[in-house]
Amino acid sequence: MVDADQTFVIVGGGLAGAKAAETLRAEGFTGRVILISDERDHPYERPPLSKGYLLGKQERDAVFVHEPAWYAQNDIELHLGQTVDAIDRAAKTVRFGDDGTLVHYDKLLLATGAEPRRLDIPGTGLAGVHHLRRLAHAERLKHVLASLGRDNGHLLIAGAGWIGLEVAAAAREYGAEVTVIEPGPTPLHGALGPELGNVFAQLHREHGVRFHFGVRLTEIVGQDGMVLAARTDDGEEHPAHDVLAAIGAAPRTALAEAAGLEIADRVHGGGVLVDERLRTSDPDIFAAGDVASFPLPLFDARLRVEHWANALNGGPAAARAMLGKDVTYDRVPYFFTDQYDLGMEYSGWAPPGSYDEVVIRGDAGKREFIAFWVKEGRVLAGMNVNVWDVTEPIQKLIRSGTAVDLEALADPHVPLDGLAS
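Under this note's numbering, think of the first position of the sequence shown as 1, with each following residue one higher.
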């Protein structure tokens with residue numbers, strides 16, 4: 001069968017899906033490309049939603065992956081505001097949820113992403129309870145933060161992960177009061193461990209953020225639909241005019257599960273199981289982005305990565321695999337954040353308990369340093385804080401898998417490039 005006779009369907013209109021469609025055309029695919037998104041906005045990138053756009057430093061148009069006209073110009077059949085509610089693997093069709101239309105596919109890519117986890121406590125239905133995942137969420141939250149800043153209002157954030165901290169920074173820049181409730185011992189404990197989590201705690205305290213660690217929300221108190229306060233399991237009541245639930249995201253696997261595709265367990269982050277080619281348990285169905293659980297032999301692990309770079313690179317890799325090209329998706333996980341005057345990039349994977357020590361190169365007190373998570377002399381991960389143009393050598397160290405001299409690793413005068421054999 002020649003390309004022109006084939007139909008490739010992409011379910012999910014985020015960065016992974018949009019970049020997959022772009023790659024199919026860039027690689028010369030001439031068949032039908034159908035991109036289906038349950039959002040009414042054109043595919044967009046998510047980092048600005050908690051960074052530049054939320055702060056009012058980026059225009060709305062800046063978040064979109066492509067100009068709206070690009071899709072027609074590249075013969076991409078774009079279906080916005082439509083859902084897919086079923087996959088028939090035997091017939092190789094997907095079914096639209098609104099009118100039951102069946103669409104045939106030769107290859108199918110699931111790029112359905114993730115959705116915010118919900119607080120399971122009384123009061124979550126109040127008008128002042130927010131989530132941040134979609135452009136519409138960011139638009140609403142942007143107005144909320146501006147209003148809180150004008151009126152000396154109080155934002156309470158449940159969760160001290162990346163989204164929680166980025167929104168805390170934005171809220172303080174607007175002038176709002178901010179309290180963060182976190183059941184862990186430090187911010188970002190699951191990502192960075194206690195050593196570096198404390199760096200972010202200190203950063204936010206210097207900007208007036210109040211933290212309460214080791215506690216959970218039990219109730220959001222309101223009147224006439226409005227938020228008044230929030231209660232925690234230590235018996236405290238915290239003032240709040242608005243609440244942001246930033247307690248993580250869950251992969252959107254319902255469509256894949258109903259189709260009988262293999263799914264990772266929750267202990268391993270959930271997600272649709274894929275191989276090194278991002279192919280699911282069905283050889284004609286692929287998955288990429290937040291929803292995919294892929295093997296990474298470098299860490300002897302299977303990961304589900306929710307960060308921007310995984311969507312940016314995973315979508316194109318899946319597209320090439322759909323075209324039958326030789327693909328091995330084994331990129332070192334990477335993400336970044338901007339909070340106040342702190343900019344950071346992180347490469348690798350080093351959850352608490354996986355490393356022996358953290359080696360610091362530079363001055364952590366001045367927040368100009370690189371941190372390395374090390375096990376038996378091998379670098380598992382590296383995070384550069386206000387130090388730039390070092391991602392490539394950090395990833396080279398991680399990929400080398402060899403032990404390095406820790407004194408040299410900590411010495412800013414020793415070039416990183418020379419440490420990896």
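The beta carbon of each residue, even a glycine, is placed where N, CA and C say it ideally should be. These numbers were taken from a predicted model, which means no experiment stands behind them.
- Annotation: Gly-12 to Asp-275 spans about 20 Å, alpha carbon to alpha carbon.
- Note on geometry: alpha-carbon atoms of Pro-43 and Ala-318 lie some 17 Å from one another.
- Under DSSP, Arg-231 takes part in a beta bridge, and its partners are Glu-219 and Glu-237.
- Counting the other Cβ atoms within 10 Å of the Cβ of Pro-412 gives fewer than 16, which makes it exposed.
- According to the DSSP secondary-structure assignment, His-154 is paired through a beta bridge with Glu-177.
- In this model, Asn-74 and Leu-24 are separated by some 10 Å (Cα to Cα).
- Secondary structure of Ala-246 (DSSP, three-state): coil.
- In the assembly as shown, Thr-280 is a buried residue. Its beta-carbon has 16 or more other beta-carbons within 10 Å.
- Taking Leu-409 as the centre and dropping the five residues before and after it, the same chain places the C-beta of Val-359, Arg-361, Phe-372 and Leu-419 closer than 7 Å to its C-beta, in chain order.
- Secondary structure at Asn-384: strand, using DSSP grouped into helix, strand and coil.
- Taken atom to atom, the span from the alpha-carbon of Ala-301 to that of Gly-401 is near 15 Å.
- Closest by C-alpha distance to Phe-211, out of Leu-165, Asp-265, Asp-338 and Met-383, is Leu-165.
- The continuous beta strand (DSSP E) containing Gly-343 extends over residues 342-348.
- Under DSSP, Val-9 shares a beta bridge with Ile-34 and Leu-108.
- According to the DSSP assignment, Thr-337 belongs to the beta strand (DSSP E) that extends over 334-339.
- With respect to Ala-16, Gly-315 sits close: the two C-beta atoms are nearer than 7 Å.
- Every alpha helix (DSSP H) of 4 residues or more that sits fully in the region 113-173 is shown, in chain order, as 135-150.
- Per DSSP, Thr-93 is one residue of the beta strand (DSSP E) stretching across 93-96.
- Between Gly-197 and Leu-188, the beta carbon gap of about 5 Å places them in contact (Cβ cut-off 8 Å).
- Beta bridge pairing from DSSP links Ala-86 with Arg-95.
- CA-to-CA, the gap between Val-387 and Pro-194 works out to about 21 Å.
- Only exposed fits Ala-136, as fewer than 16 other CB atoms lie within 10 angstroms of its CB.
- The beta carbon of Phe-286 sits closer than 8 Å to those of Lys-107, Leu-108, Leu-109, Leu-110, Val-274, Arg-277, Leu-278, Arg-279, Thr-280, Ala-318, Ala-321 and Met-322, all from its chain and outside the five residues before and after it, given in chain order.
- In this structure Val-332 is in contact with Arg-399, their Cβ atoms being roughly 7 Å apart against a cut-off of 8 Å.
- Beta-bridge partners of Lys-375 (DSSP): Arg-378.
- For Ser-400, the uninterrupted alpha helix (DSSP H) segment begins and ends at 391-400.
- Out of Leu-380, Glu-376 and Gly-343, the CA that lies nearest to the CA of Lys-366 is found in Gly-343.
- Taken in chain order, the complete beta strand (DSSP E) segments of 3 or more residues contained in the region 21-74 are 32-36.
- Nearest to Glu-306 by C-alpha distance, out of Arg-60, Glu-368, Asp-389 and Ala-250, is Ala-250.
- Here Arg-266 carries a helix assignment [DSSP, helix/strand/coil].
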